[in-house]
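Numbering-wise (the working numbering), the sequence shown opens with residue 32 and increments by one. C-beta: ideal position from N, C-alpha, C; glycine also. The structure displayed is predicted, hence computed values, not measured ones. The block underneath contains the structure these notes are about, expressed in structure tokens.
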Amino acid sequence: MARILFVEDEQALLDTVERFFKKQGFDVFTARGITQALEHHKRFKPDVVVLDVMLNEGPEPDSDGFQVCRALRDADYEGPVIFVTARTAEQDKLLGFDLGADDYVTKPFSLLELKARVAAVLRRAGGARSVYRFGTIEVDLDNYVIRHPDAEERLSNREQELLRYLIEHRGKVLPRADLLTGIWRYSPNVTTRTVDTHILNVRKKLRDDASNPRFIETLHGVGYRFIANEG
């Protein structure tokens, strides 16, 4: 389970992000300033840090995300850093990258976008995987493809998100409501039928038989579970 530290002065946003990433299977720690960030780094050794540039409403309003980043680097944090900012000035981004930032996310952002950015920097840092092998099948999530011995199946963006979520939560029963929250964020035009349709599409590309599943098991009236083991 990847450990993620969020440093943000807006408590409501901090709470929302914390709930979302916990549902995605992350171990989440939150801070509103330098002191808390350093304490969490010392105790929990996060795998990735997401920093808001502006921390005016936090307990240390004279500090900002750049100062937090410097303090973490001085405390020997060597993992990836993502800056979150409402500012788009080029000099701000250049300063962030000079401090060792791995990515920038501009407000407002979607939680799925932030999750994708976090997953990308973790993969580059070796903290998250993108290729899985199940018997003769290779699932390459970075390249949106399922490779069979005789052919390849391309995945859409949403199918890739869904399959990644299932694999990362393998063995766990995932109610449709959890899938709606984790993948679709309860978009108004999304229903549980949307989940079922995407599951059907992913099954076809995995060549999985719903009546005798090797990959995705249906728990009628509840949801789905990814059951395949790597090998």
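T249: member of the beta strand (DSSP E) spanning 247-250, first to last residue. Counting along the chain, no alpha helix (DSSP H) covers A62; the unbroken beta strand (DSSP E) around it starts and ends at 58-62. Contact holds between the stretch 200-216 and the stretch 248-261, because three or more Cβ pairs, one in each stretch, are under 8 Å apart. Taking C-alpha positions only, E169 is separated from Y175 by approximately 11 Å.
Using a Cβ-Cβ distance cut-off of 8 Å, the stretch 82-101 and the stretch 147-155 are not in contact, since fewer than three pairs of beta carbons, one from each stretch, lie closer than that value. With 16 or more other Cβ atoms inside 10 Å of its own Cβ, Q191 counts as buried.
Rounded to whole angstroms, the separation of the alpha carbons of N188 and V233 is 12 Å. Secondary structure within the stretch 146-225: the beta strand (DSSP E) runs of 3 or more consecutive residues, fully enclosed, are 162-165, 168-171, 176-178, 183-185 (chain order).
Around the beta-carbon of R148, 16 or more other beta-carbon atoms lie within 10 Å, marking it buried.
Bounds of any beta strand (DSSP E) do not take in R50; it lies within the alpha helix (DSSP H) bounded by 42-54. One alpha carbon belongs to D133, the other to R178, and they sit about 30 Å apart. Secondary structure of I258 (DSSP, three-state): coil.
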